[in-house]
Amino acid sequence: MHATLPLLKDTDFPSLRRGALETLQVNLGYTCNQSCLHCHVNAGPNRREQMSREGVEQVLELLRHNRIPHLDLTGGAPELNPHFRYLVAAARGLGVRVTDRCNLTILEEPGQEDLADFLAGQGVAIVASLPCYLEENVDAQRGDQVFARSVRALRRLNQLGYGQGYPALPLSLVFNPQGAQLPPPQQALEQDYKRHLREDYGIHFDQLLTLANMPIQRFGSTLVSRGQFGSYMDTLRQAHRVENLAAVMCRSLLSIDWQGYVYDCDFNQMLHMPLRRRGHARTHIRDLVGQDLAGNPVMVADHCYGCTAGQGSSCGGALSD
Numbered sequence: 065m066h067a068t069l070p071l072l073k074d075t076d077f078p079s080l081r082r083g084a085l086e087t088l089q090v091n092l093g094y095t096c097n098q099s100c101l102h103c104h105v106n107a108g109p110n111r112r113e114q115m116s117r118e119g120v121e122q123v124l125e126l127l128r129h130n131r132i133p134h135l136d137l138t139g140g141a142p143e144l145n146p147h148f149r150y151l152v153a154a155a156r157g158l159g160v161r162v163t164d165r166c167n168l169t170i171l172e173e174p175g176q177e178d179l180a181d182f183l184a185g186q187g188v189a190i191v192a193s194l195p196c197y198l199e200e201n202v203d204a205q206r207g208d209q210v211f212a213r214s215v216r217a218l219r220r221l222n223q224l225g226y227g228q229g230y231p232a233l234p235l236s237l238v239f240n241p242q243g244a245q246l247p248p249p250q251q252a253l254e255q256d257y258k259r260h261l262r263e264d265y266g267i268h269f270d271q272l273l274t275l276a277n278m279p280i281q282r283f284g285s286t287l288v289s290r291g292q293f294g295s296y297m298d299t300l301r302q303a304h305r306v307e308n309l310a311a312v313m314c315r316s317l318l319s320i321d322w323q324g325y326v327y328d329c330d331f332n333q334m335l336h337m338p339l340r341r342r343g344h345a346r347t348h349i350r351d352l353v354g355q356d357l358a359g360n361p362v363m364v365a366d367h368c369y370g371c372t373a374g375q376g377s378s379c380g381g382a383l384s385d
């Protein structure tokens, strides 16, 4: 795999500083039941990295003492971490909102047959990957039969109340482009998604999040192999919008890796660009209990243009209309 950090480090991306911490995003491990071309984590069935029970307890300690209102769980497939359900239930017991970044097919994996019921019972928000509403496009990007399995999972979630407009059970879908181009306008694409999924499959969801593919890990390496890395970076740079800087997630989110180390965002985590903190080459989650990072500089590189290009896209989808 081609390393892309050397191609991204020299940057003129504007400097950023952190605001109030609203979201703790935790990568519970790189094990996944899928291997997607666009995956910036390089997750897959053969990855074994998983956060330990000790690490999970440290996450809960930080949530409790720093009064962080939102826990965002990602992976890999975060549900494959053996402590996933314990963490979710404990965080909900603290009054913390929990989001599960779900690939949908995990709901049909052996041993996960009751996962959907657990998520609904805990009132967990679901952000689900579905990179297209066309079967052939999804299977080309994510693997054979992924679309059909995703449809079954979405129907199951709908039966439990997800995607029906209930604030307690929100269901968002995530769109990624098929290749080296920016996503189309989020609002118009959302209407297309809702119409196709409703008319063709009887599926309902609350909102669509459009995300640009990041030029790192598996997708970045593919760009290098195809000779498209430079042109894709040109696309991101040319579409940069200054107004998006105010809303990028790294200003209000912390990213934690499976070992408990801290980053400004999930993309920096995958590039091994740790949180910059005076006197610390690397920060662990246990070092942040009771600490306020407001005003701390954000580590930036050229991949940050992926969050400010066009409508902008970070973990929460488009930043502007």
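Each number in the working numbering comes from the position in the sequence shown (counting from 1) with 64 added on.
Every residue gets a Cβ at the ideal spot worked out from N, C-alpha and C, and that includes glycine.
Treat the numbers as computed from the prediction; the structure is a model and nothing was measured.
In this structure, Q205 and P195 form a Cβ contact; the two beta carbons are roughly 5 Å apart against a cut-off of 8 Å. Secondary structure at S116: coil, using DSSP grouped into helix, strand and coil. Residues G187 of the same chain have their beta carbon placed closer than 7 Å to that of A232, with the five preceding and five following residues left out of the count. Here the alpha carbon of I267 sits roughly 38 Å from the alpha carbon of G83. About 7 Å separates the beta carbon of T299 from that of L246, a gap short enough to meet the 8 Å contact definition. Per DSSP, D330 is not a residue of any beta strand (DSSP E); the alpha helix (DSSP H) it occupies stretches across 330-334. In the three-state DSSP reduction, I170 falls in the helix class (H, G or I).
Contact between the stretch 364-384 and the stretch 143-157 is absent: fewer than three C-beta pairs spanning the two stretches fall below 8 Å.
Taking 3 residues as the minimum length, the beta strand (DSSP E) runs contained wholly in the stretch 306-364 are 317-320, in order along the chain. D256 carries a helical assignment under DSSP once its states are collapsed to helix, strand and coil. Of the residues assessed, E254 falls on the buried side of the cut-off, its CB having 16 or more other CB atoms within 10 angstroms. Where V238 is concerned, the enclosing beta strand (DSSP E) starts and stops at 235-239. Partner residues in the beta bridge of R81, as assigned by DSSP, are P361. In the DSSP assignment, L135 falls within the unbroken beta strand (DSSP E) covering 134-138. In the three-state scheme derived from DSSP, where H, G and I count as helix and E and B as strand, A212 is classed as helix. Within 10 angstroms of the beta-carbon of H344 lie fewer than 16 other beta-carbons, which makes it exposed. Put simply, the backbone Cα of E263 is about 20 Å away from that of L224. A189 is classed as buried because its beta carbon has at least 16 other beta carbons within 10 Å across all chains shown. Taking the Cα positions, Q251 is about 9 Å away from Q271. M313 has its alpha-carbon roughly 21 Å from the corresponding atom of G284. Taken atom to atom, the span from the alpha-carbon of D328 to that of L158 is near 24 Å.
Pairing D330 with I170, the inter-Cα distance amounts to about 21 Å. Non-local C-beta neighbours of R112 in its own chain, meaning closer than 7 Å and more than five positions away in sequence, comprise T95, ordered along the chain.
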